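Undergrad: Handing you this structure, nothing more for now.
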Amino acid sequence: MAVVKINAIRVPEEAHAEFERRFANRAGTIDSSPGFLGFEMLRPVAGDDRYFIVTRWEDDAAYETWRDGSARAAHKGEQGKPVFSEANVLEFEVVLDVKPKP
146 MAVVKINAIR VPEEAHAEFE RRFANRAGTI DSSPGFLGFE MLRPVAGDDR YFIVTRWEDD
206 AAYETWRDGS ARAAHKGEQG KPVFSEANVL EFEVVLDVKP KP
């Protein structure tokens, strides 16, 4: 069963540009990971002040392999002070996935 992992990250407004730049610089580090199904970065515009980094995986094992391996390596290269103040991981199983009709 596919799973969705969402990093909910609180970023001060003055750090939005730097936060987005750092993610853009390493966007290609995840796409060849076994079991990876997709990635979205959602910028807050109303209702919440957190960014949501949404990843979809074939299963928990694929996510855990990435999280404990190449994800750590991708984050080690960042320099400078942290640009976020709080981060939490939300975890879901996909029970319904509706696609547009062709």
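Residues 146 to 247 (the numbering used here) make up the sequence shown, in order.
Think of the CB as a built atom: it goes at the ideal place given N, C-alpha and C, for glycine as much as any other residue.
If you're wondering where the values come from, they're calculated on a predicted model, not measured in any experiment.
What's the C-alpha gap between ASN170 and GLU163?
TA: Along the sequence shown, one-based indexing puts residue 170 at 25. Along the sequence shown, one-based indexing puts residue 163 at 18. Between ASN170 and GLU163, the C-alpha separation is close to 11 Å.
Undergrad: Whose C-beta lies closer than 6 Å to the C-beta of GLU238 among residues of the same chain, with five residues either side of it excluded?
TA: On the sequence shown, position 93 is the one that residue 238 refers to. MET146, VAL148, listed in sequence order.
Undergrad: Assuming TRP202 contacts ILE175 under a Cβ cut-off of 8 Å, what Cβ separation, rounded to an integer in Å, is found between them?
TA: Working through the sequence shown from its first residue, we reach residue 202 at position 57. Working through the sequence shown from its first residue, we reach residue 175 at position 30. Between ILE175 and TRP202 the Cβ distance is about 10 Å, and since that is not below 8 Å, they are no contact.
Undergrad: Quick one, which of PRO157, LEU241, ASN233, ASP242 has its alpha-carbon nearest PRO189's?
TA: What you label residue 189 is simply residue 44 of the sequence shown in a count that begins at 1. Taking only the C-alpha atoms, the option nearest PRO189 is PRO157.
Undergrad: With distances taken Cα to Cα, identify the nearest neighbour of GLU165 among LEU241, LEU235, VAL228.
TA: As a position in the sequence shown, residue 165 is number 20, starting the count at 1. Answer by Cα proximity: VAL228.
Undergrad: What span of residues does the alpha helix (DSSP H) with ALA206 cover, start to end?
TA: Your numbering for residue 206 matches position 61 in the sequence shown. Where ALA206 is concerned, the enclosing alpha helix (DSSP H) stretches over 205-213.
Undergrad: Quick one, which of ASP194, LEU182, PHE181, ASN152 has its alpha-carbon nearest GLU159's?
TA: Position 14 of the sequence shown holds residue 159. Closest option to GLU159, Cα to Cα, is ASP194.
Undergrad: Quick one, are the C-beta atoms of TYR196 and ASN152 less than 9 Å apart?
TA: On the sequence shown, position 51 is the one that residue 196 refers to. On the sequence shown, position 7 is the one that residue 152 refers to. Cβ atoms of TYR196 and ASN152: closer than 9 Å.
Undergrad: State the Cα-Cα distance for the pair LEU235 and LYS150, rounded to the nearest angstrom.
TA: Taking the sequence shown and counting its residues from 1, one reaches residue 235 at position 90. Taking the sequence shown and counting its residues from 1, one reaches residue 150 at position 5. Whole-angstrom Cα-Cα distance: 6 Å.
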